[in-house]
Structures are given as C-alpha cells and as structure tokens.
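To keep things clear, I will list the structure first and then write my remarks on it.
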C-alpha cells in the first residue's frame, strides 16, 4: 500500500513539476532562455518539487482554514443568542456541515488527472490506488483540520479533548458515507449519475437531504434561535469514529474500484471533449441560416455586412437585453425618487461621487470579448488562410470597419446609461456645476468606446487564438485579467464625478489614439494564425 | 520561372526541423513531398506561407530572364488538409467577395457559376451556407479560390487524404489541368497518390529536401527506392 502511495505521489509531483516548468517556459522572455532540457535538469526539478510540496502543505491547511473559519466560526458572530451557548452553536453547525460534506463529497473515487494517468494509462491496480490515496486524503484531512478545530473550538469554549477528536469525527463521517455509498451501489444498483432520469437515484436524494441539513445548520439558529443540545451533536459526531472504523472494512474489501474508476475517467474525457466543442458550437449555432439576408455593398463592407446580419443574434441580442435592463433600472430609480423623496439625496450623492463604479458596470456590459470571439471562430480562422486576407491593406481596412461595428454595439448601452444618469442627476436635485451633466452623459460613452478599442486592439495585436480556436497567449490572458482587476479596483474608489469623469474621458481618448496607431503599425505582422 | 528555397532553417527549441534547405522547383511541375511523421512537411509549408517565421534563409522566384524577386504571400496559395472556409457565407457569396477584393489582380474573371461548374459543385448547393457544405465541397471551395487567384506557387498539405474516391479523382484531374504556369508542391503520406499525381518526388529527410531520381527505374523499383530512402531516415 505504501509503495502504491509513493508511486502515486511521485507521479503527481512529476506531473505538477512538469506543469510548473511548462508554465515558466511559456512566459515570453523566459522561453528563449530556458530550453527543453530543463525537464531533465535535476536542480530545477528539485526546486519545482519543493515548490509542489509547499503547495501540497499549503492547500492541506488553507482549505480547512477557509472551511472552519468561514463556514463554522464566522457565522457564530451574527448567530449568537441567549438560547444557546457558543460551543453548542459551534457543534450544531459543525455536525450538520460534516454530514453534508460526507454525503456530497466523500472523495473516495476522486478521478483527477493523476487517476487518469495512473489507473487509465499506466494500469496501476485500481483498488490499491484508491485505498492508498484515500488514506492519504484522510491523513491530510485530520492534519489540516486539527489546528483549526483547536483554535476555533477553544475560542467557542468547546472542551479541549473534544477539539482534539473533532478531525477524526470528520474523517469517520467521510469513511462511513463512502462505505455506505459502495453498499448502496452493490445492493441496490444506485449510482451517482442521475442522467438516467430516475428521480430516486442517489444524487437527487442526497442533494435534497443535504439542502435541508444545510438550511438547518444556519436557518434554525437564525429563525428559531435553536441549536442542537451539546450532548446530542457531540454524541453523534463521536459516534462517527467507530462508524468510520466499521466502514473502513468495506472500503478495503470492495472489489469494483477498477470498473468505477474507468467509468468516471471515460465520463471526464467526454466532458472535456464537450467543453472544447461547446464554444465552437455556440458560435457556429449563432449563424443565421435566413436566405433572405443579402448585401448590396462590395468588398470588405460586403463581408462585414453579411457577418453582422448573420450574427445578429450573437452580437445584438445581448445588447438589446442590456438596453431593456438599463432602461428598467433608470425608470425604477425615477419612480422611486418621485414616490419617496428621501431617496433623492443618496442617489444624487452616488452619482456625484460613485461614478468609478460605472467602469466596472461597463466592463461587464461591453461585448468586445464575444465580438472578437465570433470574429475569429466564424470568420478570421478560415479567412486568414487566404493570402489576400493577410495583406496589410486588407487587415487595416477591415480593422476600421470592425471598430465602427463594435463601437455601435457598445455605444448603445453607453448612451442610454449616460442619458439615464444625467436625467437621474436632474431629478435627484441637480448640481451646482452644469458641466457635471455633460461629464455624466459622456463618461459612459467614452468608457464603452475604450472597451471597444481595447478588445479589438489586443485581438489584432496579439491574435490570441491558435489554429484550434483555443486561447493560448499568456500575454492576452494577462491583459484581460489586468483589465478586470483595474476595473474592480476603480469600483472601490469614491471620487468626485467631475474630476473622475474628465480624467476618464481624457484617458479613453488618448488610449484610443495610441491603440489605433499601434494597430496601424504592427497588425499587419501580428494578425496571423499561430501555428507554433 | 523557378521557386528557390535558399538556406532555409527552422528549429523548435533545440530540435532542428528544417536544416539549411536549398532547393529549386521548376514551373509546370507537380512535386510530391514525402516524409515520415514529424519530418517537418507542415512546418516547411507554414514557413513558405509566412505563417511561421523561419530562423534563417529566404525564398524567391526567378523569372526566365534570371531576375529574382522575393516570394510575396499573394503569390502563394495554401490548401490545408482540413479545409477552412468562412462558414457564415454561402458558396456564391464567398466567391463574389473574393472576386471583388481581387478584381485588380484577376486577369480574366468569369461569373461565379463558371467556377462552380469547373469543380462540379451542383447549382442547388451554391447558395447554401458554407457551414452546411461537406468536407469535400469545402475542399473544392478552397481549390476554386486558388484556381481564380492563379498563385505562382500552390502548396497542398494532404488535401486528398479524407476525400471520397470520386471527389479525390476530380481533384486530381483539376490539379493536373491547372499545373501549367505554376509550381505545385503536394505533401502526402500516401505513396501511391504521390506516384500517380506528381511529376517529381522530393523527400524531406533530416530536415533537408532531397529529390529522388527515377532514372530508368520501373514503377515498382522506384517505389522501393523511395521506401528505402525513408527507412534510412529512421535508422539515422
């Protein structure tokens, strides 16, 4: 068993180490410096191995800290009551969450990439693999929980001896539930796959019970000010230790692991294939088959008009939903202010100081990413294989046309929001400086222009898609993530609308000019299908 | 006209896929490019088509007077094994767009239907979305574009491998009829196909191109010579 565990552990570490080296090598500069022989370099391998071990240790504790701190200890603060003690509430929540965790996530047949390699490809004995890895999982569970059951338990005045035993009760519950699941599978043919349409299949029952228990964990103390008596919750939890020991016998002796594991591996592969296909299928399904769609234009304008008309559903339907949603919010705010005059002041205050939130809102409303995605999958992926399409003149001509189109799509919600904000500002009491109206009106439009230019520019300059329509450019990923975080950080700021709006408009204009210059200078070289 | 590859090299990390390739292709000939899996055939095509940047070397055309000019992407046609066509357009719209864009460079443009007839695409299929075309029909569309554009160099990366026998035969006829005035390089794994269609056989061995001389050999002896040359590669 120990040998199997060691082999699996080495396999996982090798896999993670190689993934780490691959990730480091995919960084633009390092790729040229670090060669393939890095995979065989002992020094770097050892370093990566140590990093993997540190990560293993980190996740052992961090996951349990989040669980115990966030789900058990933190709710004690708002749920405090005179009707029960803190320790009673602590044990109440822990008991119910432990049962929910055991039922929904026993982790016995945990098929991941290591399982796929070990059992699926390297033909490791499935029973030894499963049992050895389950032992390791339970070991990490107990070690990871122990510090936090001690810290949070003692703070909640749970006796020390009970705090020390709590990790073992959690492990016992997992083992018992896993054994129970194997027995149900053997005796009643139950599976954890409810796609057969059997409403009594295990997953439905399990998740209904889990939802009830989860509700009982928090809603009983919140609504009824009730928590299970300490002896009851402690008694049930402690009873899970012998129950777990009993269940362990079943787990060790069960013989159907190979079949079960291979079934799950196949399902994982199917899912993986489906996920890869789904993006392409969604984009391709968005093409309208309406034969009445035509165009009287010529050249690239002809191509663009047909593209826009045939992708109306993909490109404009969401924008229409956004427009309706934004109009509803604006009308609701107006009704609110007219009916309840005291709401005018906070709305006015928000418009005058809370405009940075708009950046985050506009980030979510902009359609730049889906526009470029549709462009690549349904058009450029094919057209970039034809020489005439890669001519600098053609690339720049089409860039101009597409910029106009994406600006139209994004400007519609921007204009509505801008007009709506100016109207709300007027109804909520107005402002001393009439320029504020102009700033509030123009800012959303400028931000929508920024996102239009931004996404189209990084698409043309980085062309992040491979021939297989997958995004593989680390720089593109970094820029899109950075865009999100910048918008998120801006949302946290409270800035005077006039100053923020003016800065924002100036930034957007400058960015658009710089971005267009960059595209004109470099896109002819960068806008290619990447076959490396 | 000749197409010359001069000192072309490309490596991925430390692996030299193309090593200092020097080769001259002659006008009006179909060259069968043979090589084992991973020999670098697609890499060579991607470099010639500028989809991949070579590490060193150049490619150029020389005309009958001996004047050289670098190969421009507009002069190269590339047909991939998996045909790629813009799926939101109909066959006719795709052709119309192509003819519009290239109006200045097409000497004798014909109406789209003439081109469809040329590759045997039925009238009822011409106004269907390319999304709904079969693999063979998409392949024919790629070929039409290359017939219209009349590139000086036509690169074909295993274009007949997954076609049914009728379409494959039609495509072979088409390639034979179109070979005048251009250089066609045809990459394939199928030796029979190469021997049937191509005028010359070129092997991509150890990252360099080597012609296989037919001399006075009969077809069986020629076939054995090619296989022996490819085997040598495996033992190298």
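Residue numbers (the working numbering), protein chains in the order written: chain A, 270 to 801; chain B, 470 to 705. Ideal Cβ placement from N, Cα and C applies to all residues, glycine included.
Residue 408 of chain A, buried or exposed, once every other Cβ within 10 Å from all chains shown has been counted against 16: Counting Cβ neighbours within 10 Å, residue 408 of chain A comes out exposed, since fewer than 16 surround it.
Residue of B:579, B:558, B:557, B:506 minimising C-alpha distance to residue 656 of chain B: From the listed residues B:579, B:558, B:557, B:506, the smallest Cα separation to residue 656 of chain B is found for B:506.
heavy atom of the ligand FAD below 7 Å from residue 491 of chain A C-beta: The ligand FAD is absent from the structure shown, which contains no ligand whatsoever.
Helix, strand or coil at residue 466 of chain A [DSSP, three-state]: Confidence in residue 466 of chain A is poor, its pLDDT being 35 and thus under 50, which makes the residue's placement unreliable; the coordinate value appears in the next sentence. Coil, per DSSP.
From A:328, A:346, A:507, residue whose alpha carbon lies closest to that of residue 499 of chain A: Checking every option, the nearest Cα to that of residue 499 of chain A belongs to A:507.
Nearest-angstrom Cβ-Cβ length linking residue 513 of chain A and residue 440 of chain A, presumed shorter than 8 Å: The pair is a contact, with the Cβ atoms about 6 Å apart (cut-off 8 Å).
Option nearest residue 488 of chain B by Cα separation, candidates B:567, B:635, B:479, B:603: Ranking B:567, B:635, B:479, B:603 by Cα distance to residue 488 of chain B puts B:479 first.
Residue burial classification, residue 335 of chain A (beta-carbon count within 10 angstroms, cutoff 16): Counting Cβ neighbours within 10 Å, residue 335 of chain A comes out exposed, since fewer than 16 surround it.
N-terminal and C-terminal residue of the alpha helix (DSSP H) that residue 674 of chain A is part of: According to the DSSP assignment, residue 674 of chain A belongs to the alpha helix (DSSP H) that extends over 661-696.
In chain order, each alpha helix (DSSP H) run of at least 4 residues that lies wholly inside the stretch 626-678 of chain B: If you keep only unbroken alpha helix (DSSP H) runs of at least 4 residues inside the stretch 626-678 of chain B, you get 634-647, 660-666.
Proximity to residue 670 of chain A [Cα-Cα], best of A:332, A:562, A:722, A:638: Closest by alpha carbon: A:722.
CB contact below 8 Å: residue 486 of chain B versus chain A: It does not: the Cβ of residue 486 of chain B has no partner Cβ on chain A nearer than 8 Å.
Cβ contact (3+ pairs, closer than 8 Å) linking the stretch 756-766 of chain A and the stretch 651-669 of chain A: With a cut-off of 8 Å, the stretch 651-669 of chain A and the stretch 756-766 of chain A do not count as touching, because too few Cβ pairs lie within range.
Rounded separation between residue 785 of chain A and residue 779 of chain A - CA only: Rounded to whole angstroms, the separation of the alpha carbons of residue 779 of chain A and residue 785 of chain A is 10 Å.
Contact with chain B by residue 654 of chain A, beta-carbon distance below 8 Å: Yes, residue 654 of chain A lies at the interface with chain B (some Cβ there is under 8 Å from its Cβ).
When B:522, B:482, B:594, B:588 are compared against residue 294 of chain A, the one with the closest alpha-carbon: Looking at B:522, B:482, B:594, B:588, the one whose alpha-carbon comes closest to that of residue 294 of chain A is B:482.
Inter-residue spacing [alpha-carbon to alpha-carbon] between residue 649 of chain A and residue 592 of chain A: The alpha-carbon atoms of residue 649 of chain A and residue 592 of chain A are separated by roughly 29 Å.
Span of the alpha helix (DSSP H), counted from its first residue to its last, around residue 392 of chain A: Counting along the chain, residue 392 of chain A falls outside any alpha helix (DSSP H), and DSSP gives it neither H nor E.
Under 9 Å from the C-beta of residue 547 of chain B: neighbouring residues of chain C: Given the protein chain composition of this structure (A and B), no chain C is represented.
For residue 476 of chain B, three-class secondary structure by DSSP: DSSP places residue 476 of chain B in strand when its eight states are reduced to three.
For residue 531 of chain B, three-class secondary structure by DSSP: Note: residue 531 of chain B maps to strand in three-state DSSP.
C-beta neighbour in chain A for residue 626 of chain B, strict 8 Å: It does not: the Cβ of residue 626 of chain B has no partner Cβ on chain A nearer than 8 Å.
From A:606, A:718, A:728, residue whose alpha carbon lies closest to that of residue 642 of chain A: It is A:728.
Same chain, Cβ closer than 8 Å to residue 327 of chain A, neighbours up to 5 away in sequence not counted: Setting aside the 5 residues that flank it on each side, residue 327 of chain A has no residue in the same chain whose C-beta is closer than 8 Å to its C-beta.
Own chain residues within Cβ distance below 7 Å of residue 627 of chain A, not counting five before or after: Closer than 7 Å at Cβ, skipping near neighbours: 712, 713, 716.
Residue burial classification, residue 693 of chain B (beta-carbon count within 10 angstroms, cutoff 16): Burial check for residue 693 of chain B: the Cβ neighbour count within 10 Å stays below 16, so the residue is exposed.
Minimum Cβ-Cβ distance from residue 613 of chain B to chain A less than 8 Å: No - not a single Cβ of chain A is within 8 Å of the one on residue 613 of chain B.
Under the three-state DSSP convention, the category residue 548 of chain B falls into: Strand.
Residue 489 of chain B in three-state terms, based on DSSP: Assignment of residue 489 of chain B by DSSP, reduced to helix, strand and coil, places it in the strand class.
Neighbour flag for residue 553 of chain B against chain A, beta carbons, 8 Å: Yes, because at least one Cβ of chain A sits closer than 8 Å to the Cβ of residue 553 of chain B.
Interface flag, residue 594 of chain B vs chain A, CB-CB below 8 Å: No - not a single Cβ of chain A is within 8 Å of the one on residue 594 of chain B.
Chain A contacts made by the stretch 561-582 of chain B, where a contact means CB separation under 7 Å: Contact residues of the stretch 561-582 of chain B toward chain A are 562, 566, 569, 570, 571 (C-beta to C-beta distance below 7 Å).
Spatial distance of residue 535 of chain B from residue 621 of chain B (CA atoms): In a straight line, the C-alpha of residue 535 of chain B is about 16 Å away from that of residue 621 of chain B.
Beta bridge counterpart(s) of residue 501 of chain B as assigned by DSSP: Beta-bridge partners assigned by DSSP to residue 501 of chain B: B:655, B:670.
Alpha-carbon spacing of residue 431 of chain A relative to residue 505 of chain A, whole angstroms: Going by the C-alpha atoms only, they are around 12 Å apart.
First and last residue of the uninterrupted alpha helix (DSSP H) at residue 304 of chain A: Element bounds for residue 304 of chain A: n/a, residue is neither H nor E.
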